[in-house]
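Report on one structure; see the data block that follows.
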Amino acid sequence: MNTFAARDGAQVAYYDDCFAPPWETPQPVLLLHPAMGNSQRWFHWMPTLTAKYRVIRLDLRGHGASQIPRDTDDFSLQHLVGDVLELLDRLAIENLHVVGNSAGGYVSQQLAIQHPERVRTLSLYGSTPGLKNSHAPTWLPKIKEIGLRQFLSDTISERFDNNADPNHVQWFIDQAGSNDPAFIARFVSHMCTHDFMNELDAIQCPTMIVAAGKEAIGHASAYEEMKKRIPHSELIYYDTAAHNICDGYAERTLQDLLAFLARHT
Numbered sequence: 087m088n089t090f091a092a093r094d095g096a097q098v099a100y101y102d103d104c105f106a107p108p109w110e111t112p113q114p115v116l117l118l119h120p121a122m123g124n125s126q127r128w129f130h131w132m133p134t135l136t137a138k139y140r141v142i143r144l145d146l147r148g149h150g151a152s153q154i155p156r157d158t159d160d161f162s163l164q165h166l167v168g169d170v171l172e173l174l175d176r177l178a179i180e181n182l183h184v185v186g187n188s189a190g191g192y193v194s195q196q197l198a199i200q201h202p203e204r205v206r207t208l209s210l211y212g213s214t215p216g217l218k219n220s221h222a223p224t225w226l227p228k229i230k231e232i233g234l235r236q237f238l239s240d241t242i243s244e245r246f247d248n249n250a251d252p253n254h255v256q257w258f259i260d261q262a263g264s265n266d267p268a269f270i271a272r273f274v275s276h277m278c279t280h281d282f283m284n285e286l287d288a289i290q291c292p293t294m295i296v297a298a299g300k301e302a303i304g305h306a307s308a309y310e311e312m313k314k315r316i317p318h319s320e321l322i323y324y325d326t327a328a329h330n331i332c333d334g335y336a337e338r339t340l341q342d343l344l345a346f347l348a349r350h351t
């Protein structure tokens, strides 16, 4: 794990791994995790992906080993985009493949919209253009009443199918439930102010959109509209209502990514 101090002083953690042959120059791939997650959530992908690519994983502010913003600190989606840009500059990476899962995809989309020269390809998993048109605001009073861990346990059917490995599900509940509830409420509230569907035509790089076809958290109907608006995009549906496709369908999501990257590298 490495850390850097962002321009406002916030400590941001990241991981930079590659196990490709040392005589090769592998292309870099950035992985951005969902809300309540951290870089560990990509564990299934790492052995295969790092054998071919240089894989950079960022812990979003307030998550994992990155600093939790204080109540008096400014916080916004733009801060998260800025953290990515600072990291790329520090690592002297001009552009790279960007993969975003759920809220990590909001950061990824805004990066591709605002700084298209930094994004070679964009891969979005369960990620609509913000949370404004979702039922996420209803989560907050429930989390306040029963706690984050119990909320996740009570609503786990929105995230995993019934056939998911129970040990994996419990690990997810423990890991996600260990986040700071006050910051998660702030994070979700902020993301619920965003709907940037009308900005998507600015994304010019090849884009893969992967979605749970029956999910309710991000409203599956939004993905068809995304495909219409992003010029060079393709859409893959998984026949499930579980939002956490990168967790519950880790091998399939990885293979879809590898195939997509192979077509665009």
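At position 3 of the sequence shown (counting the first as 1) the number is 89 in this note's numbering, and the numbers step up by one without a gap. Glycine residues also receive a C-beta, built at the ideal position from the N, C-alpha and C atoms. Bear in mind the structure is a predicted one, so any value in this text is a computation, not a measurement.
Query                                                                                                                   : Result
Buried versus exposed, by CB contacts within 10 Å (16 or more), residue 371                                             : With the chain covering only 87 through 351, there is no way to say anything about residue 371.
Residue 357, buried or exposed, once every other Cβ within 10 Å from all chains shown has been counted against 16       : For residue 357 there is no data in the structure shown, the boundaries of the chain being 87 and 351.
Own chain partners of residue 117 with C-beta closer than 6 Å, once the 5 adjacent residues on each side are dropped    : 128, 143 and 185
Reference residue 163; option with closest CA among 171, 192 and 145                                                    : 192
Residues near residue 153 in its chain [Cβ-Cβ closer than 6 Å; skip 5 each side]                                        : 96 and 97
Contact with chain B by residue 228, beta-carbon distance below 8 Å                                                     : Absent from the structure is chain B; it holds one protein chain and no more.
CA-to-CA distance, residue 189 to residue 100, given in whole angstroms                                                 : 17 Å
Distance between beta carbons of residue 330 and residue 245, contact taken as under 8 Å                                : 4 Å
Start and end residues, alpha helix (DSSP H) containing residue 293                                                     : Looking at the DSSP string, residue 293 is not in any alpha helix (DSSP H); the run it does join, the beta strand (DSSP E), is 293-298.
Own chain, CB closer than 8 Å to residue 90, minus 5 neighbours either side, in chain order                             : 97, 98, 100, 172, 173 and 176
Residues near residue 281 in its chain [Cβ-Cβ closer than 7 Å; skip 5 each side]                                        : 215, 216, 218 and 219
From 107, 113, 307 and 136, residue whose alpha carbon lies closest to that of residue 353                              : The question about residue 353 has no answer here: the residues shown for the chain are numbered 87 through 351.
Neighbourhood of residue 308 by C-beta, 8 Å cutoff - its chain only, sequence neighbours within 5 removed               : 214, 215, 219 and 283
C-alpha gap between residue 261 and residue 268, whole angstroms                                                        : 16 Å
Coil, strand or helix - residue 320 by DSSP                                                                             : strand
8 Å contact criterion, which residue 146 and residue 119 should meet: CB distance rounded                               : 7 Å
Other residues of its chain near residue 316: CB distance less than 6 Å, five sequence neighbours each side excluded    : 286, 289 and 293
As assigned by DSSP and simplified to three states, the class of residue 125                                            : helix
Close-in-space but distant-in-sequence residues of the same chain around residue 326 (CB under 8 Å, 5 per side omitted) : 247, 298, 299, 300, 301, 334 and 335
Option in 209, 239, 140 and 229 with minimal Cα separation from residue 257                                             : 239
CA-to-CA distance, residue 159 to residue 276, given in whole angstroms                                                 : 14 Å
Closest residue to residue 266 among 122, 304, 168 and 138 (Cα-Cα distance)                                             : 122
Cβ distance (whole Å) where residue 233 is taken to contact residue 304 below 8 Å                                       : Incorrect: roughly 24 Å between the Cβ atoms, too far for contact.
Cβ-based burial, residue 124 [other Cβ within 10 Å; buried from 16]                                                     : buried
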